[in-house]
Amino acid sequence: MSTKKLLSVIGLSIVGILLLIAVFTSWYTVDESEQAVIVTFGVANETNTEAGLHFKLPWPIQKAEILSKETYSLQFGYNQNAEGEIVAFDKETKMITGDENIVLTDLVVQWKITDPKKYLFNAEAPQDILHDATSASIRSIIGSSLIDDALTSGKAEIEAETRDLLASLIEKYDIGITVLAVKLQDVELPNEEVRAAFTNVTDARETMNTKINEAKKYENQKRNEALGEKAAINSRAEGEKVARVQQATGDVALFDKLYLEYDNNPEVTKQRIVMETLESVLPNAKLYIMNDDGGTMKYLPLDGLQTAVPPVAETEEEGGGN
Numbered sequence: 029m030s031t032k033k034l035l036s037v038i039g040l041s042i043v044g045i046l047l048l049i050a051v052f053t054s055w056y057t058v059d060e061s062e063q064a065v066i067v068t069f070g071v072a073n074e075t076n077t078e079a080g081l082h083f084k085l086p087w088p089i090q091k092a093e094i095l096s097k098e099t100y101s102l103q104f105g106y107n108q109n110a111e112g113e114i115v116a117f118d119k120e121t122k123m124i125t126g127d128e129n130i131v132l133t134d135l136v137v138q139w140k141i142t143d144p145k146k147y148l149f150n151a152e153a154p155q156d157i158l159h160d161a162t163s164a165s166i167r168s169i170i171g172s173s174l175i176d177d178a179l180t181s182g183k184a185e186i187e188a189e190t191r192d193l194l195a196s197l198i199e200k201y202d203i204g205i206t207v208l209a210v211k212l213q214d215v216e217l218p219n220e221e222v223r224a225a226f227t228n229v230t231d232a233r234e235t236m237n238t239k240i241n242e243a244k245k246y247e248n249q250k251r252n253e254a255l256g257e258k259a260a261i262n263s264r265a266e267g268e269k270v271a272r273v274q275q276a277t278g279d280v281a282l283f284d285k286l287y288l289e290y291d292n293n294p295e296v297t298k299q300r301i302v303m304e305t306l307e308s309v310l311p312n313a314k315l316y317i318m319n320d321d322g323g324t325m326k327y328l329p330l331d332g333l334q335t336a337v338p339p340v341a342e343t344e345e346e347g348g349g350n
């Protein structure tokens, strides 16, 4: 084969290879959960978040860096191996609380890439920076917290403070990451005996809270019963008040009528009042009126008139017999 023909074959091969490279590197695909950064001669100048097939200049002019838009989880203090077993890193999680006690603190940081350009080019290892910032943040918050808060009721506050501190640090580093949440997985003591003692303290505190809640419930129950009894007494008193007022109003009206009769016929009214009073005081007594001359006169109705036979009739019967 001649040299000229050999050079032609080599040239065609090179052109073919370049064409193949151009064909296979001039397009890229982006899924719904992905985002792409187009890098032109080492400079990021375009971000594409639309799903589908996209075209670009062939390599080495342009290349596409595909990144996920989903949420990542950073496990701090432990890891899960291929067999699903949890591997703890006690040296990483051992911290000192504000009251000088040692605790082991595991947590999970949820984060996502919000600026792909900064994530690719502002730091060489952004995930390592996130890990170190997480360590600094949780140690700072645990170092200013009491051990009781870290082990019991203060976990939510520790999580919130750690998230805020970590988010501020990541914002200063400007590496294109946003921290979404921080979740404490486990906060425990490094010694079994100490853990048992703190467990007893926690149980005692929970028992105390239970007793306090029961006492408050009993107090509220008795208070409600007393308020109900008070309302019933007030209601009865109000009813009795209304009844007495109405009775007094009726007595006043009756007195006014008697007074009017008395004003018209003083003597008759006075005698009537006396008779009615005597009848009410002595309901079974026979009433008599004494005249001024010492004689007597039976006050009607006369018991004798209701039962006795008329004297005139008796006289006529006796006369007929004679």
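In short: position in the sequence shown from 1, add 28, done, that's my numbering. Ideal Cβ positions, reconstructed from N, Cα and C, are used throughout, including at glycine. Predicted model, so just to flag it, every value in this text is computed and none were measured.
Neighbourhood of residue i by C-beta, 8 Å cutoff - its chain only, sequence neighbours within 5 removed
{"i": "A161", "result": "L194, L197, I198, Y201"}
{"i": "Q249", "result": "none"}
{"i": "Y147", "result": "L95, I141, P154, I203, G204, I205"}
{"i": "V115", "result": "Y106, N107, Q108, N109"}
Through-space distance from residue j to residue i, alpha-carbon basis
{"i": "A281", "j": "G256", "result": "37 Å"}
{"i": "E98", "j": "F69", "result": "28 Å"}
{"i": "V270", "j": "T230", "result": "59 Å"}
{"i": "T324", "j": "Q299", "result": "Here the model assigns T324 a pLDDT of 48, short of 50, so the residue's position is not dependable and the matter cannot be decided."}
{"i": "N150", "j": "L208", "result": "20 Å"}
{"i": "A178", "j": "S172", "result": "10 Å"}
{"i": "K183", "j": "Y100", "result": "22 Å"}
{"i": "L217", "j": "I130", "result": "7 Å"}
{"i": "T305", "j": "Q274", "result": "23 Å"}
{"i": "E220", "j": "D214", "result": "15 Å"}
{"i": "A92", "j": "D176", "result": "51 Å"}
{"i": "P86", "j": "T142", "result": "27 Å"}
{"i": "S41", "j": "F52", "result": "16 Å"}
{"i": "A276", "j": "I240", "result": "53 Å"}
{"i": "E266", "j": "R233", "result": "49 Å"}
{"i": "N252", "j": "G112", "result": "56 Å"}
{"i": "E242", "j": "A254", "result": "18 Å"}
{"i": "T75", "j": "D192", "result": "28 Å"}
{"i": "P311", "j": "M303", "result": "11 Å"}
{"i": "L48", "j": "E152", "result": "32 Å"}
{"i": "Y236", "j": "K258", "result": "It is Met, not Tyr, that sits at residue 236 in the sequence shown. Taking the straight line from one Cα to the other gives about 32 Å."}
{"i": "G39", "j": "P88", "result": "20 Å"}
{"i": "T238", "j": "R272", "result": "51 Å"}
Residue closest to residue i, alpha-carbon to alpha-carbon, out of the options
{"i": "K119", "options": "V71, S54, A153, T133", "result": "T133"}
{"i": "D127", "options": "I169, Q103, L286", "result": "I169"}
{"i": "W55", "options": "L81, G112, A232", "result": "L81"}
{"i": "K145", "options": "Y287, N73, I38, A225", "result": "N73"}
Cβ neighbours of residue i in the same chain (closer than 7 Å, five flanking residues each side left out)
{"i": "T227", "result": "none"}
{"i": "I124", "result": "I130, G171"}
{"i": "E289", "result": "T297"}
{"i": "E247", "result": "none"}
{"i": "V67", "result": "Q90, K91, E93"}
Contact belief for residue i with residue j at Cβ below 8 Å, rounded distance in angstroms
{"i": "L95", "j": "Q63", "result": "5 Å"}
{"i": "S163", "j": "F104", "result": "7 Å"}
{"i": "L135", "j": "V43", "result": "The pair is not a contact, with the Cβ atoms about 57 Å apart (cut-off 8 Å)."}
{"i": "A79", "j": "V58", "result": "5 Å"}
{"i": "L102", "j": "H159", "result": "6 Å"}
{"i": "T190", "j": "I157", "result": "The Cβ separation is near 16 Å, so there is no contact."}
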